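Enquirer: Have a look at the structure that comes next, please.
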Amino acid sequence: MFDAKELRNPADLRVDDIVIAFMGPTGSGKSNLIDTLTGQVGKRSGSGLESHTSELHAVRLRRHAQKGDRIVFVDTPGFDDTNRSDMEILQMISKWLTDTYKNDVKLAGIVYTHRISDNRMAGTPYRNLRMFGELYGDKAARNVILVTTMWDRVQRHLGEKRESELKSKYWKVLLDRGSDCYRFDNTQASAWAVIDKILESDDTETLLLQEELVELRKRLQETQAGITLYDTLQKALLEQKETIRQLAEQATLQNNPKLAKELEDEYKRIQITFEKTFQELNQLKIPFTRRIVLLLFGKKSKARSLKIVGA
Numbered sequence: 003m004f005d006a007k008e009l010r011n012p013a014d015l016r017v018d019d020i021v022i023a024f025m026g027p028t029g030s031g032k033s034n035l036i037d038t039l040t041g042q043v044g045k046r047s048g049s050g051l052e053s054h055t056s057e058l059h060a061v062r063l064r065r066h067a068q069k070g071d072r073i074v075f076v077d078t079p080g081f082d083d084t085n086r087s088d089m090e091i092l093q094m095i096s097k098w099l100t101d102t103y104k105n106d107v108k109l110a111g112i113v114y115t116h117r118i119s120d121n122r123m124a125g126t127p128y129r130n131l132r133m134f135g136e137l138y139g140d141k142a143a144r145n146v147i148l149v150t151t152m153w154d155r156v157q158r159h160l161g162e163k164r165e166s167e168l169k170s171k172y173w174k175v176l177l178d179r180g181s182d183c184y185r186f187d188n189t190q191a192s193a194w195a196v197i198d199k200i201l202e203s204d205d206t207e208t209l210l211l212q213e214e215l216v217e218l219r220k221r222l223q224e225t226q227a228g229i230t231l232y233d234t235l236q237k238a239l240l241e242q243k244e245t246i247r248q249l250a251e252q253a254t255l256q257n258n259p260k261l262a263k264e265l266e267d268e269y270k271r272i273q274i275t276f277e278k279t280f281q282e283l284n285q286l287k288i289p290f291t292r293r294i295v296l297l298l299f300g301k302k303s304k305a306r307s308l309k310i311v312g313a
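Everything in the sequence shown is counted per the numbering used here, starting at 3 for the first residue and increasing by one.
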């Protein structure tokens with residue numbers, strides 16, 4: 003029986019640790035997969051799509067037959083977290099990756115989870131995958147395991163059809179660079195099949211985001227992940243602005259007081275979201291003079307971001 007101990011500080015990691023991070027959208031089964039691996043099913047994972055992991059959680063697995071207490075699982079929040087903005091998530095992940103990298107601790111692998119029950123790759127799943135490609139980079143792709151979850155919530159033939167589309171389209175750029183694909187069916191055997199693949203090699207690789215922040219000394223908003231988030235927020239801002247305009251127009255035309263009130267409440271909610279998005283955009287904006295300096299003197303990273311095909 004395994005025993006797991008939570009690590010609250012990146013400094014608790016050792017140079018010879020086998021660190022495996024779990025990434026993916028909220029509700030895609032990251033926490034459940036870790037709980038299955040550690041024999042603690044149901045302790046942390048939730049049953050819905052609300053985020054139950056708003057912080058990074060690292061746990062050290064103890065009493066592994068071959069690796070002893072060297073295996074560390076890191077549970078990360080998705081970029082669609084219900085309690086934190088995408089900017090806050092990126093700042094959190096980048097700080098953890100920077101701190102560990104400076105301590106000479108590198109990731110042995112990343113497990114990226116995706117609900118096979120999702121009937122299409124759009125919106126939240128696509129945004130998470132796109133950000134993942136920007137922060138991980140091409141050189142580390144061979145250390146990525148793509149894991150489909152929630153097979154019990156979909157008919158087998160539909161799941162297999164979606165899996166085939168993922169492999170041939172959305173995940174192709176990762177698979178072509180050495181990533182692997184596995185299914186997790188809520189059993190310890192299927193969970194450990196994923197981890198055993200990573201344990202076959204102790205090779206580690208620097209992530210693109212780590213190289214940009216530490217080696218090239220870029221600011222977060224200057225990294226590929228930061229630039230991509232800026233682009234995503236810009237598009238969201240335009241959509242929110244148009245929604246606000248339409249709601250305001252509809253509310254003035256209504257003779258139904260109840261419907262007018264509902265439209266007004268929705269208007270206020272979208273307005274709050276709009277203002278929050280605007281503030282995030284300002285944080286990510288690169289000053290003009292800084293852009294000139296980067297253009298003239300900025301060094302290029304060895305790794306390249308992975309551009310995920312559009313939804």
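All C-beta atoms in this analysis are idealised placements derived from N, C-alpha and C, irrespective of residue type, glycine included.
None of these values were measured; they are calculated from a predicted model.
In the DSSP assignment, what residue or residues form a beta bridge with His59?
Expert: Answer is Asp77.
Enquirer: Is the Cβ-Cβ distance between Leu231 and Asp82 less than 8 Å?
Expert: Contact: no.
Enquirer: Does the beta-carbon of Asn284 have 16 or more other beta-carbons within 10 angstroms, so that it is buried, or is it exposed?
Expert: Exposed, by the Cβ-count rule.
Enquirer: Could you check if Ser49 is buried or exposed, using at least 16 other CB atoms within 10 Å of its CB as the buried criterion?
Expert: Note that Ser49 scores 46 on pLDDT, short of 50, meaning its location in the model is unreliable; the coordinates nonetheless yield the value given after this. Exposed: under 16 other Cβ atoms inside 10 Å.
Enquirer: Grab me the residues of Asp187's own chain with a C-beta within less than 8 Å of its C-beta, minus the 5 sequence neighbours each way, in chain order.
Expert: Around Asp187: Trp153, Asp154.
Enquirer: Once the 5 residues before and after Leu9 are set aside, which same chain residues still bring their CB inside 6 Å of it?
Expert: Result list for Leu9: Ala60, Arg62, in chain order.
Enquirer: Assuming contact is defined by CB atoms lying nearer than 8 Å, are Val74 and Asp19 in contact in what I supplied?
Expert: Against a cut-off of 8 Å, the Cβ pair of Asp19 and Val74 comes out as a contact.
Enquirer: Taking 8 Å as the threshold (C-beta atoms), are Asn145 and Leu176 in contact?
Expert: No, the pair does not count as a contact, with Cβ atoms beyond the cut-off.
Enquirer: Let's test the definition: count the other Cβ atoms within 10 Å of the Cβ of Val196 and tell me whether it reaches 16, buried, or not, exposed.
Expert: The residue in question, Val196, is buried, as its Cβ has 16 or more Cβ neighbours within 10 Å.
Enquirer: For Thr267, which option in Thr245, Thr28, Ala13, Gln281 has the closest C-alpha, if you only look at C-alpha atoms?
Expert: Going by the sequence as given, residue 267 is Asp instead of Thr. With distances taken between Cα atoms, Asp267 lies closest to Thr245.
Enquirer: Grab me the residues of Gln42's own chain with a C-beta within less than 7 Å of its C-beta, minus the 5 sequence neighbours each way, in chain order.
Expert: The residues are Ala6.
Enquirer: How many angstroms separate the CA atom of Ala143 from the CA atom of Thr208?
Expert: Spanning the two alpha carbons is a distance of roughly 10 Å.
Enquirer: Where Gly300 and Leu35 are concerned, what is the direct C-alpha to C-alpha distance, given to the nearest angstrom?
Expert: Looking at the two C-alpha atoms, the distance is approximately 40 Å.
Enquirer: Contact check, Leu218 vs Ser96 under 8 Å by CB: the rounded distance?
Expert: At roughly 13 Å, the Cβ-Cβ gap does not stay under 8 Å, so Leu218 and Ser96 are not in contact.
Enquirer: For Ala6, list the residues DSSP reports as bridge partners.
Expert: Paired residue(s): Leu63.
Enquirer: Please state the DSSP three-state secondary structure of Lys43.
Expert: Per the sequence shown, residue 43 should be read as Val rather than Lys. Of the three classes helix, strand and coil, the one that applies to Val43 here is coil, per DSSP.
Enquirer: Asp154 by DSSP, collapsed to three states: which one?
Expert: Residue state, collapsed to three classes: helix.
Enquirer: Within a Cβ cutoff of 7 Å, which residues of the same chain sit near Tyr172, ignoring the five residues on either side of it in sequence?
Expert: The residues are Met123, Leu131, Ile310, Val311.
Enquirer: Distance, Cα to Cα, Gln68 vs Met25?
Expert: Near 25 Å, if we compare the C-alpha coordinates of Met25 and Gln68.
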